[in-house]
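Working notes for the structure below.
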Amino acid sequence: MLGSSHQRSAGSEFPSRGRGPLRRRLVICLLALAAIALITGTLRGVGPLKRAQGVGSDAMRPFEVVTHKIASPFVDTYDYFGGLFSAKSEVAKLRKELTQAQELASQNASAAAENTSLRKALDYQGVKTFPRDFRGITTAVLTHAWPEPASDVTIAAGSASGIALNDAVITVDGYLVGSVTEVSTETARVTLLTDPSAGVSAVDLAASPNAEGIIEANVDSHGGISVYLDRVPKSANVKVDDQVFTAGWHYRDLASIYPPGIPIGTVISVGQLDVEQTKQIQIQPYANFGSLENVTVLIPKGRVAGG
Amino acid sequence: MSVADAAKAVLLLWLAVLLQATLLSGLGLVSPDLVLVTVVVVALMRGAEFGAIAGFAAGLLLDVATLSPLLGVSSLLLATTGYWIGRYGETTGRDRSHAPYLSVAVATVLVSFATLSLYFVLQQPVSAQRVLFHGLPGRLLLDVLLTAPLFRIARRLLRRQGMLERTAEVRLLG
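The listed protein sequences derive, respectively, from chains G and V. When we follow this note's numbering, the leftmost residue of the first sequence carries the number 1, and every step to the right adds one. When we follow this note's numbering, the leftmost residue of the second sequence carries the number 1001, and every step to the right adds one.
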């Protein structure tokens, strides 16, 4: 019986087994080549490929929105119980911040009134300022990047809503999140402040002289992402708890993509070394990048929504 | 494999991509890789060729859904994973109860290293310290934990057609 022609059917559950190794190898080679072609195409910025990606992303959007809607009660419950553990310390922190904010608000009110009258007197023509010259489009965060969730997110609005490349993005509370780096009709990719490639010109207005630098993100020794205000000269008198805002510079026809005055965060540590020419200033961003659910895209007033 | 069988596999992978992109990757660095686990499970049950195609398609869908600046990276990694796990399923790992867990664990570690290598080669900003030391141990654990329920779902959806045929071919001796 051992020599009979009846053999175990080895491969009816594995179709590829019966078809021979050549076909199998051909399939994986073709797929690998196609993937490499896709990578090369996107790195070279091939237009049709980006458009196709945009169309695909737009097609996925309704399903992503529905998934978020279905999951939201569960996520809210999780957040609620998670919030209970940190509620006490959060209350103390918020009370301290409220006292500081009330003091600042009264100072700002008189400064703003003085600023308005001086601008009128000088007939000053400045750059577009936040929030006066912008309208906001608030939209949901659909997806997070992989494998590094702190690098970018996709949002549920695109060029059809008037969003364009390099538009600044803030939280619903008005804190800086990042900027738009890819746009399709119905979705857009936002590169976060915590991405190492995102450099934001920022200023500490409380320092004397004003401390201007670049916001940069680095991985700290605990594997977390820390945000620094880099390239600030040692002469600047930066203190802990100072607030940092977008600088919004402009030079001739060039201007920062971020309008001036968007709050970024507070200074949590200041250090300097003899061998370095600049200070090491660590910032605690106001935006909570770990739980972004909705963001607001700043669109200059007067821009018309495209298709 | 029938069209209905392939459609079930597509549906399973599509749901995995949707959940991965919208919910799981938002959990932070330590989050399960549902798409990888699904591709591994499907490849184990359906072999190298189907595993490779499923991996490629799932990766492409994931890159499209997240508007990834590196379209094709996930496809390359998941297609390769699907192929090799499929080969393992067709040969050594066939019918072994530990095969899904072992495959998922090995695939999670290797894909993490391969992702990092590709990102470095392509000069994309990514921290090896974060991905390997702070993300990988937790992800490995979560992926292995996900394996059992996902394997059960996949086995129910993609029922092994060969089992009955094989039994029918056995002939009594004597």
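Beta carbons are placed, not taken as given, at the ideal position from N, Cα and C, and that holds for glycine. Everything numeric in this text was worked out from a predicted model, so none of it was measured.
Does any residue of chain V bring its CB to less than 8 Å from the CB of residue i?
i              : result
L98 (chain G)  : no
E186 (chain G) : no
I36 (chain G)  : yes
A160 (chain G) : no
D195 (chain G) : yes
L49 (chain G)  : yes
S57 (chain G)  : yes
For residue i and residue j, I'd like the C-alpha separation in whole angstroms.
i               : j               : result
S1025 (chain V) : A71 (chain G)   : 14 Å
T185 (chain G)  : A198 (chain G)  : 24 Å
K239 (chain G)  : N210 (chain G)  : 12 Å
V1111 (chain V) : Q53 (chain G)   : 23 Å
E90 (chain G)   : K301 (chain G)  : 37 Å
G271 (chain G)  : I137 (chain G)  : 38 Å
A32 (chain G)   : I39 (chain G)   : 11 Å
G178 (chain G)  : F1056 (chain V) : 31 Å
P131 (chain G)  : S201 (chain G)  : 18 Å
G1138 (chain V) : Q1020 (chain V) : 16 Å
R252 (chain G)  : S1031 (chain V) : 46 Å
D76 (chain G)   : H144 (chain G)  : 18 Å
Any Cβ of chain G within less than 8 Å of the Cβ of residue i?
i               : result
A1048 (chain V) : yes
V1131 (chain V) : yes
V1010 (chain V) : no
A981 (chain V)  : With chain V running from 1001 to 1174 in the structure shown, residue 981 (chain V) is simply not present.
Y1101 (chain V) : no
Y1088 (chain V) : no
Can you give me the Cβ contacts of residue i inside the same chain, cut-off strictly under 8 Å, excluding the 5 residues immediately before and after it?
i               : result
L1061 (chain V) : L1013, W1014, V1017
V65 (chain G)   : A140, L142, A156
R8 (chain G)    : Legend: pLDDT at R8 (chain G) = 47, less than 50; position of this residue unreliable, value from coordinates given subsequently. Correct list: empty, nothing qualifies.
M1045 (chain V) : G1089, A1154, R1155, L1158, R1160
L1036 (chain V) : L1078, T1081, V1104, A1107, T1108, V1111, D1143
Y228 (chain G)  : I215, E216, A217, N218, Q280, I281, Q282, I283
A1140 (chain V) : Reading off the sequence shown, one finds Leu at residue 1140 (chain V), where the question assumed Ala. The residues are A1105, T1108, V1109.
Looking only at its chain, what residues have a beta carbon closer than 7 Å to the beta carbon of residue i, apart from the 5 residues adjacent to it on each side?
i               : result
F289 (chain G)  : A150, L192, T194
N237 (chain G)  : A207, S208
D1005 (chain V) : L1158
Spatial neighbours of residue i within its chain, please: C-beta separation below 6 Å, excluding the five flanking residues on both sides.
i               : result
I28 (chain G)   : none
D133 (chain G)  : K301
A1052 (chain V) : A1079, G1082, Y1083
E212 (chain G)  : V203, A247
Handout entry: Positions along the segment 1052-1076 of chain V whose CB lies within less than 9 Å of some CB in chain G
Key = A1052, I1053, G1055, F1056, G1059, L1060, L1061, L1062, D1063, V1064, A1065, T1066, L1067, S1068, P1069, L1070, L1071, G1072, V1073, S1074, S1075, L1076
Practice task
Would you list, in sequence order, the uninterrupted alpha helix (DSSP H) runs of no fewer than 4 residues that lie entirely inside the segment 1018-1072 of chain V?
Solution key: 1034-1046, 1048-1065
Problem - Under 7 Å (Cβ pairs) to chain G, residues found in the segment 1020-1043 of chain V - result: A1021, T1022, L1023, S1025, G1026, G1028, L1029
Exercise for the section: Please list the residues of the segment 1124-1156 of chain V that have a C-beta atom closer than 8 Å to any C-beta atom in chain G, keeping them in chain order. Expected result: P1125, V1126, S1127, Q1129, R1130, V1131, F1133, H1134, G1135
Practice task
Run through the segment 203-252 of chain G for me and flag every whole alpha helix (DSSP H) of 4 or more residues, listed as ranges in chain order.
Solution key: none
Exercise for the section: Mind checking the segment 61-77 of chain G against chain V and listing, in chain order, the residues whose C-beta falls within less than 7 Å of any C-beta there? Expected result: F63, E64, T67, H68, A71
Handout entry: Contact set between the segment 277-295 of chain G and chain V, restricted to residues whose Cβ is under 7 Å from the partner
Key = G290
Exercise for the section: Report the residue ranges of all beta strand (DSSP E) runs contained in full by the segment 151-210 of chain G; include only those spanning at least 3 residues, in chain order. Expected result: 152-155, 168-171, 176-183, 188-192, 200-204
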